Amino acid sequence: MEKNSEIRVEKIRHLDFASSICLFLLSLFIVWESNNIRVNAGGPIYSSPGLLPLFIGSMLMLCSILLFFKTLKHVGISGNIRALGAWFPQFIKNKDVLNMLAGIAIIGIFTFILIPRFPFMLSSFIFLVFLMKIMEAGSYRKIILTAASVSIFIYVLFEIGFNVTLP
19 MEKNSEIRVE KIRHLDFASS ICLFLLSLFI VWESNNIRVN AGGPIYSSPG LLPLFIGSML
79 MLCSILLFFK TLKHVGISGN IRALGAWFPQ FIKNKDVLNM LAGIAIIGIF TFILIPRFPF
139 MLSSFIFLVF LMKIMEAGSY RKIILTAASV SIFIYVLFEI GFNVTLP
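Just so we're aligned: 38 in my numbering is position 20 of the sequence shown, and the numbers increase by one with no gaps anywhere.
Rendered as structure tokens:
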């Protein structure tokens with residue numbers, strides 16, 4: 019029993035190591051962009067709309083640094099990198115992970131390619147068909163009927179019901 023919990027803790031440590039690095043990079047981006055907001059808005063920092071993102075980014079940076087040093091206590095940087103190297107090939111071969119990455123790619127395609135180039139109903143229909151197929155939501159007939167009905171419902175609800183223009 020204790021050995022399983024030790025293995026679980028080791029797994030969490032190297033994932034914490036990777037998470038701390040990713041969160042640090044994200045916090046750097048947030049701090050950088052909050053400074054850009056301040057520069058574009060003009061005026062002092064205490065009245066800038068970039069103050070809250072600056073504060074949140076700074077707190078995230080502090081927490082990620084603390085997590086990073088906490089993960090170094092037991093095995094160091096090389097131990098964490100070895101553990102990540104052993105874990106990553108198994109992780110990337112997992113079918114659920116591949117489906118998640120494909121779903122993220124489909125969302126990106128929907129947002130940056132389909133919406134700007136096609137009408138909303140067609141874009142959302144294509145998006146829903148591919149997303150439901152990745153999720154194995156059923157047969158093609160069921161997926162197409164569901165995607166068409168959802169796209170039409172959203173269009174009617176917003177365009178007619180709420181009188182909101184969709185992209």
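Every residue gets a Cβ at the ideal spot worked out from N, C-alpha and C, and that includes glycine.
Computed from a predicted structure; not experimentally measured.
DSSP places ASN112 outside both helix and strand once states are collapsed to three, so it counts as coil. When secondary structure is reduced to three states using DSSP, GLU177 falls in the helix class.
Using a Cβ distance threshold of 7 Å, ALA59 and SER52 do not count as a contacting pair. By the Cβ neighbour-count rule, THR89 is buried, with 16 or more other Cβ atoms within 10 Å of its own. Between the C-alpha atoms of SER96 and LEU41 there is a straight-line separation of about 20 Å.
With a 10 Å radius around the Cβ and a threshold of 16 neighbouring Cβ atoms, GLY75 comes out buried. Between the stretch 130 to 144 and the stretch 160 to 179, the count of Cβ pairs shorter than 8 Å is three or higher; the stretches touch.
Membership of SER142 in the alpha helix (DSSP H) is indicated by the continuous run 138 to 152.
Annotated three-state conformation of GLY126 is helix, per DSSP. Rounded to whole angstroms, the gap between the alpha carbons of GLY103 and ALA36 is 11 Å. For LEU78, the closest alpha carbon among the candidates LEU149, ILE127, TRP50, SER45 is that of SER45. Here PHE109 really is in contact with VAL115; their C-beta atoms are around 6 Å apart, less than 8 Å.
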